[in-house]
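Chemist: Below is one structure. I have some questions about it.
Chains as they are written, first to last, in this note's numbering: chain A, 332 to 522; chain B, 14 to 57.
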């Protein structure tokens with residue numbers, strides 16, 4: 332294997348050990364950037380004021396030169412597509428192995444439902460939308476775009492290349508981001 | 014600011030989840046994917 336994956340966070344070693352066990356035997360080292368706190372994250376410019384690191388990926392080649400940098404907002408899950416492309420360019424075998432260790436769910440076609448919400452498990456707007464649908468007795472289907480790359484691509488197509496969540500498809504009418512007035516109008520809810 | 018593409022990656026030595034010391038420089042000759050994530054128990 333020509334490529335090594337190293338995970339890195341500001342957690343302590345015991346915390347990472349417990350996490351690695353919960354993930355069921357992780358295949359690459361999880362490094363603890365705990366003491367001095369966040370020193371390496373800082374060196375790489377990804378330490379946040381709250382003491383956590385951003386989600387970021389650096390690809391470093393065989394000579395120790397940085398070939399790819401991807402820094403994401405903490406609430407956003409980086410898309411693996413670009414990483415695969417860069418990794419595929421320098422080490423196709425590793426790209427395939429990495430893809431195998433990060434399986435995407437089999438792509439589902441757009442479900443046959445009147446109200447579809449493209450979401451993530453953590454986005455605050457998605458939580459508000461679930462509450463909104465519950466309060467108004469609206470049935471809906473949700474698709475987690477971090478687990479369905481085709482769905483994520485669909486959202487990018489609607490949201491100027493961004494993976495904005497929640498994004499709704501209500502009988503063909505697309506609404507990007509949680510907006511009560513637009514949802515009311517699309518669903519025919521009168522206030 | 015993160016180091017830019019084309020620059021030397023800053024070296025470091027850190028302990029991994031099994032308390033083994035890992036030095037970035039020791040991976041010279043291999044490609045390395047360095048993935049920072051905010052905290053444990055969040056998606057990898």
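Glycine residues also receive a C-beta, built at the ideal position from the N, C-alpha and C atoms.
At 7 Å on the CB atoms, spell out the chain A contacts of residue 36 of chain B, in chain order.
Modeler: None at all; the shortest Cβ gap to chain A is about 10 Å.
Chemist: Under the rule that 16 or more other beta-carbon atoms within 10 Å means buried, what is residue 360 of chain A, buried or exposed?
Modeler: Counting Cβ neighbours within 10 Å, residue 360 of chain A comes out buried, since at least 16 surround it.
Chemist: May I ask you to list the residues that DSSP assigns as paired with residue 446 of chain A?
Modeler: A/501
Chemist: Counting contacts by CB-CB distance shorter than 9 Å, is residue 334 of chain A in contact with chain B?
Modeler: yes
Chemist: Rounded to whole angstroms, what's the CA-CA distance from residue 367 of chain A to residue 342 of chain A? Just pull it up for me.
Modeler: 11 Å
Chemist: If I measure Cβ to Cβ from residue 464 of chain A and keep anything under 6 Å in the same chain, skipping five residues before and after, which residues do I get?
Modeler: 471
Chemist: In whole angstroms, give me the CA-to-CA distance for residue 336 of chain A and residue 377 of chain A.
Modeler: 18 Å
Chemist: Give the interface partners of residue 449 of chain A over in chain B, defined as CB-CB distance under 9 Å, in chain order.
Modeler: None at all; the shortest Cβ gap to chain B is about 17 Å.
Chemist: Rank A/481, A/419, A/363, A/447 by C-alpha distance to the C-alpha of residue 503 of chain A and give the top, closest one.
Modeler: A/447
Chemist: Quick one: which chain B residues come within Cβ less than 8 Å of residue 388 of chain A?
Modeler: 46, 47, 48, 49
Chemist: Output needed in chain order: residues of the stretch 467 to 482 of chain A with a Cβ under 9 Å from some Cβ in chain B.
Modeler: 477
Chemist: For residue 497 of chain A, which residues from the same chain have a beta carbon less than 6 Å from its beta carbon, with the 5 sequence-adjacent residues on both sides left out?
Modeler: 448, 450, 456, 457, 460, 509
Chemist: With a CB to CB cut of under 7 Å and the five nearest residues on each side skipped, what residues in its chain are close to residue 511 of chain A?
Modeler: Spatial neighbours of residue 511 of chain A in its own chain (CB-CB distance under 7 Å, excluding positions within 5 residues in sequence) are listed in chain order as 463.
Chemist: Helix, strand or coil: how does DSSP classify residue 518 of chain A here?
Modeler: helix
Chemist: If I measure Cβ to Cβ from residue 400 of chain A and keep anything under 6 Å in the same chain, skipping five residues before and after, which residues do I get?
Modeler: 389
Chemist: Identify the residues that DSSP records as bridge partners of residue 403 of chain A: which are they?
Modeler: In the DSSP assignment, residue 403 of chain A is bridged to A/386.
Chemist: Just verifying my parser: in three-state terms, what is the DSSP assignment at residue 46 of chain B?
Modeler: strand
Chemist: For residue 487 of chain A, which residues of its own chain have a beta-carbon under 7 Å away from its beta-carbon, when the five flanking residues on both sides are left out?
Modeler: 493, 494
Chemist: Give the interface partners of residue 385 of chain A over in chain B, defined as CB-CB distance under 8 Å, in chain order.
Modeler: 49, 51
Chemist: Listing by chain order, which chain B residues have their CB less than 9 Å from the CB of residue 395 of chain A?
Modeler: 21, 22, 24, 37, 38, 40, 41, 45
Chemist: Quick one: is the Cβ of residue 507 of chain A within less than 8 Å of any heavy atom of the ligand NAD?
Modeler: Of the ligands one can find in the structure shown there are none, so the ligand NAD has no counterpart to examine.
Chemist: Between which two residues does the beta strand (DSSP E) harbouring residue 34 of chain B extend?
Modeler: Annotation for residue 34 of chain B: the continuous beta strand (DSSP E) segment containing it runs 34 to 36.
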